[in-house]
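Trainee: My questions will all concern the structure given below.
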Amino acid sequence: MSRPRAMAGPSRLLARLRPRSIAGQIALLVVAAIVVAHAVATVAFVLLREPWRPDDHPGVAANRLATVLRLAEAAPPAERPALIAHAGAALPSLRIRPWPAGEAGGELEEHPVLQRLRDGFGSALILSDLGSGSEGGRDWLRIGVATPSGTRLQAVLPDEALRSPRQGAVIFTALVLALTLALLFVWAARALTEPLARLARSAESFGVSGPTVPPPQQGPREVLAVSGALERMGERVRRLIDDRTQMLAAVSHDLRTPITRMRLRAEFIEDEHARAVTLRDLAQMNALVEAALSFVRDGQSGGSGETSLLDLASLVQTVCDGFSDMGAEVSVAESRHVLVRGRPEELERAVTNLVDNAVKYGGRAEIAVTGTPERVAVEVLDRGPGIPEAEREAMLQPFVRGDRSRNQNAPGGFGLGLSIVLAIAETHGGRLVLANRPGGGLCARLELPAAAGQGRPPSARSEPGGPLSQAAE
């Protein structure tokens, strides 16, 4: 048990030292990147640096000898012997001294050091081999050099190949540095953005069916502040919805009793017309109370209640049978057995509202159940007047009716049907799409997420106006 505690100690210390704000963490990231870059560059410099004695380098020796030759060429002939003597004293490793004119040498083979000497001098040189040998564990070239103007000297150069720059090592170091910084930035970016992503998932899951993602409890100070505000806002919204639901439930319960008493008293009205009008108004009042309560309970409940797997085709068939028993002209044009996860009562109410609108405004309804492995849909089609595109958004709001030409006192609904369907669809993670059909009519499409583990149905389509809709038209 002592080992985990010993390991947990440094982690807690690092957590305390880490800045709490996003600005502080970004500043720490920049400083850490600079430190890592300097550390890698320092290690590379130490490993790739040249030895501290450049006189031992063949290329350096050749360049220095070429410089002495250029200085001798530029000096008057009388001063050249003194210049050569001074150069020999200043550069003891080259062992520079005069080369008598009568002393001959052998022919030299091509050598990289000699080519560097010619390149450094810039003009033609006569080079002779005065004898090679080994000293101090290294091979040396003793050469005689004659310039075009007659300067003659002899020198000793290392008999070694030129050391080319370590390009491979430099490239490898640059790649290691880039990879190190990239990994550091990726790790830091994930550490910074993970609380934000979790906060976004928590906000997205609010008000949707399924488990709610809790807000992050760890992260930068700003994220924790937003997380706390989001949690408090969610509590206030849920409390507001509960209070409104309870209020409407209480109002609905309290209004039922006087409405019932008024209905009983209306039965004793002697005037036939007055009695019928009074009973109709009382029925409409009762229906308005029930519709408002259903909208709050089913449409704005925030997805409360147990969900279960259900066959959408069976649910649609049940709704169609109910309308057919009442004499409505409702038919199923296309059906596929697809599973969804949801609350059966709410989904049945949503389909019922769509079919009821189609029958009310189009006289008849055709229903199609389609889907893909990811999404399933219920399409309710009619040949009614449709909905102008400019009014579709407004039609999804509560208490907005499509039959505006009729008086509100006339029976015909209260403009809550589509609002309830939209709210139920959203609480189940779906959506409601309204589209006018060519030739007149409306296609109301209720889309829902498909349950996991389903294969692709034989007929699949994801947007209104696809092959199935066109066939239904």
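Mapping the sequence shown onto the UniProt record's numbering, position 396 (from 1) lands on 396, and the numbers just tick up by one. Cβ atoms here follow ideal geometry from the backbone N, Cα and C, with glycine treated the same way.
1. Straight-line CA distance for Ala87 to Gly133?
2. Between the segment 55-75 and the segment 212-223, do at least 3 Cβ pairs fall closer than 8 Å?
3. Let me know if Phe121 comes out buried or exposed under the rule of 16 or more other beta-carbons within 10 Å of its beta-carbon.
4. When you compare the CB positions of Leu130 and Gln154, do they come within less than 8 Å of one another, or not?
5. How about Glu306 and Ile424: are their beta carbons less than 8 Å apart?
6. For Leu83, which residues from the same chain have a beta carbon less than 7 Å from its beta carbon, with the 5 sequence-adjacent residues on both sides left out?
7. Could you spell out where the alpha helix (DSSP H) holding Thr245 opens and where it closes?
8. If you check the beta carbons only, do Val380 and Val355 fall under 8 Å apart?
9. Around the Cβ of Glu204, are there at least 16 other Cβ atoms within 10 angstroms (buried) or fewer (exposed)?
10. Classify Thr370 as helix, strand or coil using the three-state DSSP reduction.
11. For Pro215, count neighbouring Cβ atoms within 10 angstroms of its own Cβ and tell me buried if that reaches 16, exposed if not.
12. How should Asp119 be labelled, buried or exposed, when 16 other C-beta atoms within 10 angstroms of its C-beta is the threshold for buried?
13. Tell me which residue opens and which closes the beta strand (DSSP E) that Gly144 is part of.
14. Leaving aside the five residues before and after Leu315 along the sequence, list all residues of the same chain whose C-beta is less than 8 Å from its C-beta, in chain order.
15. Once DSSP output is grouped into helix, strand and coil, what is the label at Gln154?
16. What does the alpha-carbon distance come out to for the pair Ala44 and Ala452?
17. Around the Cβ of Phe323, are there at least 16 other Cβ atoms within 10 angstroms (buried) or fewer (exposed)?
18. DSSP three-state label for Ile34, please.
19. Just to confirm, are Leu162 and Pro58 a CB contact at a threshold of 8 Å?
20. Do the segment 141-158 and the segment 31-46 make contact, defined as three or more Cβ pairs closer than 8 Å?
21. Asn436 bridges to which residues according to DSSP?
22. For Ile387, name the three-state secondary structure that DSSP assigns.
23. Out of curiosity, what's the CA-to-CA distance linking Leu434 and Gly386?
24. Where does the unbroken alpha helix (DSSP H) through Asp321 begin, and where does it stop?
25. Rank Pro98, Ala250, Val60, Leu181 by C-alpha distance to the C-alpha of Asp159 and give the top, closest one.
26. Whole-angstrom Cβ separation of Val338 and Ala444, contact assumed at under 8 Å?
27. The alpha helix (DSSP H) that contains Ala62, what's its start and end?
28. So what's Pro112 in DSSP terms, helix, strand or just coil?
29. My output table needs one value for Pro449: the three-state DSSP class, helix, strand or coil.
30. If we count the other Cβ atoms within 10 Å of its Cβ and call it buried at 16 or more, is Ile367 buried or exposed?
31. Using the three-state DSSP reduction, which class does Asp382 fall into: helix, strand or coil?
32. For Gly88, does the three-state DSSP call read helix, strand or coil?
33. Enumerate in chain order the residues of its own chain whose CB-to-CB distance from Leu181 is below 8 Å, with the five nearest sequence positions on each side excluded.
34. On the DSSP letters alone, give me the boundaries of the alpha helix (DSSP H) that Arg392 sits inside.
35. Considering only C-alpha positions, which residue in the set Arg375, Ser335, Val330, Ala394 is nearest to Val359?
36. Roughly how many angstroms lie between the CA atoms of Pro411 and Asp325, to the nearest whole one?
Mentor: Straight from the coordinates:
1. 23 Å
2. no
3. buried
4. yes
5. no
6. Leu71, Ala72, Ala75
7. 221-266
8. yes
9. Glu204 comes out exposed.
10. strand
11. buried
12. exposed
13. That run of the beta strand (DSSP E) goes 138-146.
14. Pro344, Leu347, Glu348, Val351
15. It is a strand residue.
16. Straight across, the Cα-Cα distance linking Ala44 with Ala452 is about 54 Å.
17. buried
18. Under the three-state reduction of DSSP, Ile34 is assigned to helix.
19. yes
20. no
21. Leu442
22. In this structure, Ile387 counts as coil in the three-state DSSP scheme.
23. 9 Å
24. 312-325
25. Val60
26. Not confirmed; about 18 Å, so no contact.
27. Segment 58-74, the alpha helix (DSSP H) holding Ala62.
28. Helix.
29. If DSSP states are grouped into helix, strand and coil, Pro449 belongs with the strands.
30. buried
31. Coil at Asp382, not helix or strand.
32. helix
33. Ala33, Val36, Ala37
34. 392-395
35. Val330
36. Only weak support is given to the placement of Pro411: the predicted model assigns it a pLDDT of 48, under 50, and the value that follows is read from those uncertain coordinates. Cα to Cα, the separation comes out at about 22 Å.
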